[in-house]
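Visitor: Structure below; questions to follow.
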Amino acid sequence: MVISKLKIYDTLKKETLLFNPIHPGYVGMYVCGPTVYSNAHLGNCRTYISFDIMFRYLLHLGYKVRYVRNITDAGHLEGDRDEGDDKFAKKAKLEQLEPMEIVQRYTVDFHQVLAQFNTLPPSIEPTATGHIIEQIEMARKIIANGYAYENNGTIYFDVEKYAKEYPYTQLSGRNLDELLTNTRELDGQEEKKGRLDFALWIKAKPETLMRWPSPWGEGFPGWHIECSAMSSKYLGSEFDIHGGGMDLVPTHHTNEIAQNFACHQTNPAKFWVHTNMLTVNGQKMSKSLGNSFLPDELFSGSHPLLDKGYSPMTVRFFMLQAHYRSTLDFSNEALQASEKGFIRLMKATKLIDGLKVKDATTIDLEGLTASVYQALNDDFNTPVTIAQLFEGVRLINLLNDDKETINAEDKLALKKLFTEIVFEVLGLKEENVAGSEKIDGLMDVILSIRQEAKAKKDFSTSDFIRDRLKTIGFEINDGKDSTSYLTL
RNA sequence: GGAGCCGUGGCCGAGCGGCUAGGCAAAGCUCUGCAAAAGCUUCUACAGCAGUUCGAAUCUGCUCGGCUCCUCCA
Numbered sequence: 128m129v130i131s132k133l134k135i136y137d138t139l140k141k142e143t144l145l146f147n148p149i150h151p152g153y154v155g156m157y158v159c160g161p162t163v164y165s166n167a168h169l170g171n172c173r174t175y176i177s178f179d180i181m182f183r184y185l186l187h188l189g190y191k192v193r194y195v196r197n198i199t200d201a202g203h204l205e206g207d208r209d210e211g212d213d214k215f216a217k218k219a220k221l222e223q224l225e226p227m228e229i230v231q232r233y234t235v236d237f238h239q240v241l242a243q244f245n246t247l248p249p250s251i252e253p254t255a256t257g258h259i260i261e262q263i264e265m266a267r268k269i270i271a272n273g274y275a276y277e278n279n280g281t282i283y284f285d286v287e288k289y290a291k292e293y294p295y296t297q298l299s300g301r302n303l304d305e306l307l308t309n310t311r312e313l314d315g316q317e318e319k320k321g322r323l324d325f326a327l328w329i330k331a332k333p334e335t336l337m338r339w340p341s342p343w344g345e346g347f348p349g350w351h352i353e354c355s356a357m358s359s360k361y362l363g364s365e366f367d368i369h370g371g372g373m374d375l376v377p378t379h380h381t382n383e384i385a386q387n388f389a390c391h392q393t394n395p396a397k398f399w400v401h402t403n404m405l406t407v408n409g410q411k412m413s414k415s416l417g418n419s420f421l422p423d424e425l426f427s428g429s430h431p432l433l434d435k436g437y438s439p440m441t442v443r444f445f446m447l448q449a450h451y452r453s454t455l456d457f458s459n460e461a462l463q464a465s466e467k468g469f470i471r472l473m474k475a476t477k478l479i480d481g482l483k484v485k486d487a488t489t490i491d492l493e494g495l496t497a498s499v500y501q502a503l504n505d506d507f508n509t510p511v512t513i514a515q516l517f518e519g520v521r522l523i524n525l526l527n528d529d530k531e532t533i534n535a536e537d538k539l540a541l542k543k544l545f546t547e548i549v550f551e552v553l554g555l556k557e558e559n560v561a562g563s564e565k566i567d568g569l570m571d572v573i574l575s576i577r578q579e580a581k582a583k584k585d586f587s588t589s590d591f592i593r594d595r596l597k598t599i600g601f602e603i604n605d606g607k608d609s610t611s612y613l614t615l
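Under this note's numbering, the letters of the first sequence match residues 128 to 615, in that order.
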């Protein structure tokens, strides 16, 4: 195991602290997953790619990680008014489908999209509908502990009572009094005692499609309770990392912490980790603003704001060139720059195997390795990690041009560094893998014909071959005594 | 209205008291039949104003501009 001095920023304490797992060698991580009532857009993907990096790096450091990411497939209301249809029922009525057909469709879509971005599947992916009993049980405990009350079949969390004993607004940094006075007056909330109270369990109306029996009659769970119930079930009442998008801080995660304290008297997570938003022209990408990109529109280039399509790995690389806690602006120019940079990185990575071995090493491999790990240990700073890798790219190219030398042992270490960081930790992979034996053979034939033409100074033929190959994705590079090709 | 974040060279984006970020683009050079690739070199910036400091992109205050949250949102 690499000696880790990993530091992570905790939203609750508002500082970057040394990470030491609660149980040495083991890490429990919970990330709020998607509500599967529509297609995942790129902003959603950014969050899950960010947590994928954390998952991968923790695994790389040798931890046994249990990564739990839920699927919200019930109980998420439109407008959080604690009444009316949930998002699935609404969409189901619209499309004349069963709510669970909606859930299935978008769960499959979510998995396909994330697989294209080469994210690892979580260890456990629990659903809200599969944990109704746990949610009811948790609501009962919170009632028994005195922090929730029933009104006509609906259970509300008593925020004002809770806030007298616990720092309810600690995560968001808000002032409770201002929240109480500034919160908007919403319709249909006269059943609540306090205006900040939120529902743990909601009574079903006659037309409600998704409903379950409970001690308080038929109903369905509130949104926030599912994460509290499922994280407690699979990771215990205290675990290492709880993550999600920054937009979950003021409501969802604030309420989750409140539920956990009210039930278990504990803050569930040692580190609260939040990813920043993906923006388009400076504005948050979101469905309601109508500026969201679907991954497929990006890959194919069919979105009106794009000049061309970009591959999943280009997009992943693009996202990793910004830190997860910064906003990242999405544009053609930025994507194009990333595309070229990514190709350069992959080309150099492929060159390592063919480097000539000498007696001595003239590059500072130790320094390079140390700076790469230093960057990753600094709150998963992938942009700096990549900057260091490009220093390595320069060195690889110098080695390839015989301007520096490397011995056998260091060549292995260089190979290990690039393989582990580029592929395992950053989760990048080669695309357009051609290199089959038949293609190699075919290219040998074509290149030898071109070589003959060059020898006869028939440059129009040799250039024709080179240009045509370029248009179909083969880059021809004439070396001193040999010619190589790369697939782009 | 309240809470908070941000404004870095042509573009993207790190840094967060002194030390080269990096990628892309542009220019020059080396190499080459010409290219490409690669290497080297150049462009050395921190919204504005004032202050703290031996020293500020980095700390403080104000101004301007943008964004997020307070309503579902990753």
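Cβ coordinates follow ideal geometry from the N, Cα and C atoms, glycine included.
#1: So which of Y184, A201, V158 and Y233 has the shortest CA-CA distance to I251?
#2: Who does W399 pair with in a DSSP beta bridge?
#3: Is it buried or exposed, G349, if we count other Cβ atoms within 10 angstroms and call 16 or more buried?
#4: Grouping DSSP H, G and I as helix and E and B as strand, with all else coil, what is T614?
#5: According to DSSP, simplified to helix, strand and coil, what is L313?
#6: Nearest-angstrom Cα distance between D594 and E518?
#7: Going straight from the alpha carbon of A580 to that of I490, what length do you get?
#8: Which residues bound the beta strand (DSSP E) around L144?
#9: According to the neighbour-count rule (16 or more other Cβ atoms, all chains shown, within 10 Å of its Cβ), is G155 buried or exposed?
#10: For L405, which residues in the same chain have their Cβ closer than 7 Å to its Cβ, ignoring the five residues on either side in sequence?
#11: Who does L187 pair with in a DSSP beta bridge?
#12: For S465, count neighbouring C-beta atoms within 10 Å of its own C-beta (all shown protein chains included) and say buried if the count is 16 or more, exposed if not.
#13: Quick one: give me the first and last residue of the beta strand (DSSP E) that V549 is part of.
#14: State buried or exposed for F601, treating a residue as buried only when at least 16 other CB atoms are found within 10 Å of its CB.
#15: Which residue from A497, T546, H430 and R452 puts its Cα closest to that of L472?
#16: Alpha carbon to alpha carbon, how far is F182 from E142?
#17: Please report the distance separating the alpha-carbon of A290 from that of A266.
#18: If you pair each beta-carbon of the segment 344-360 with each one of the segment 327-335, do three or more pairs fall below 8 Å?
#19: Helix, strand or coil: which one does DSSP assign to G606?
#20: Whether or not the segment 252-271 and the segment 299-306 are in contact is what I'm after, with contact meaning three or more pairs of Cβ atoms, one per stretch, closer than 8 Å; do they touch?
#21: Apart from the five residues just before and just after K330, which ones in its own chain have a Cβ nearer than 8 Å to its Cβ?
#22: Measuring CA to CA, which of Q223, G371 and I229 is closest to Y194?
#23: Classify G160 as buried or exposed, calling it buried when 16 or more other Cβ atoms lie within 10 Å of its own Cβ.
#24: Answer with buried or exposed for K397, where buried requires no fewer than 16 other C-beta atoms within 10 angstroms of its C-beta.
#25: Rounded to whole angstroms, how far is the Cβ of T610 from the Cβ of N559, which I believe are closer than 8 Å?
#26: Might you give, ordered along the chain, the residues of its own chain that have their beta carbon closer than 7 Å to the beta carbon of A502, omitting 5 neighbours on each side?
#27: Give the range of the alpha helix (DSSP H) segment to which L495 is assigned.
#28: Looking only at C-alpha atoms, which of E228, A582, S563 and A275 sits nearest to K320?
#29: Given that a residue counts as buried once 16 or more other Cβ atoms are within 10 Å of its Cβ, and exposed if not, what is A497?
#30: On the criterion of 16 or more Cβ atoms from any shown chain inside 10 Å, does H150 qualify as buried, or is it exposed?
#31: Just confirm the distance between the C-beta atoms of I352 and Q386, as a whole number of angstroms; I'd bet it's less than 8 Å.
#32: Beta carbon of A449: closer than 7 Å to some heavy atom of the ligand HEM?
#33: Residues in its own chain within less than 7 Å of A356 by CB, not counting five upstream and five downstream?
#34: According to DSSP, which residues form a beta bridge with P348?
#35: Have a look at I599 and I592 and give me their C-alpha separation to the nearest angstrom.
#36: Would you list the one or two residues that DSSP bridges to Q410?
Guide: In brief:
#1: Out of Y184, A201, V158 and Y233, V158 has the C-alpha closest to the C-alpha of I251.
#2: H369
#3: buried
#4: strand
#5: For L313, the predicted structure reports a pLDDT of 49, less than 50, and the residue's modelled location is therefore unreliable. The matter cannot be settled from this model.
#6: 31 Å
#7: 39 Å
#8: Annotation for L144: the continuous beta strand (DSSP E) segment containing it runs E142 to L145.
#9: buried
#10: L169, G170, R173, M412, L455 and F457
#11: Before going further, note that residue 187 is His rather than Leu in the sequence given. BP columns for H187 are empty, so no partner.
#12: Counting C-beta atoms within 10 angstroms of its own C-beta, S465 has 16 or more neighbours from the protein chains shown and is therefore classed as buried.
#13: Looking at the DSSP string, V549 is not in any beta strand (DSSP E), and its letter there is neither H nor E.
#14: buried
#15: T546
#16: 21 Å
#17: Straight-line Cα distance between these residues: approximately 18 Å.
#18: yes
#19: coil
#20: Taking 8 Å as the limit for Cβ pairs, the verdict is that the segment 252-271 does not touch the segment 299-306.
#21: N279, G280, T281, W343, G344, E345 and G346
#22: G371
#23: buried
#24: Buried is the call here.
#25: Going by Cβ atoms, the distance from T610 to N559 rounds to 20 Å, so no, they are not a contact pair.
#26: N508, V511, T512 and Q515
#27: L492 to N504
#28: A275
#29: Classification for A497: exposed.
#30: The residue is exposed, with fewer than 16 neighbouring Cβ atoms inside 10 Å.
#31: In this structure I352 touches Q386 by the C-beta definition: roughly 6 Å separates them, less than 8 Å.
#32: Although the ligand HEM was asked about, the structure shown includes no ligands whatsoever.
#33: H258, E261, Q262 and M265
#34: W328
#35: Inter-residue distance for I599 and I592 is about 11 Å (C-alpha atoms, whole angstroms).
#36: Q410 pairs with V407.
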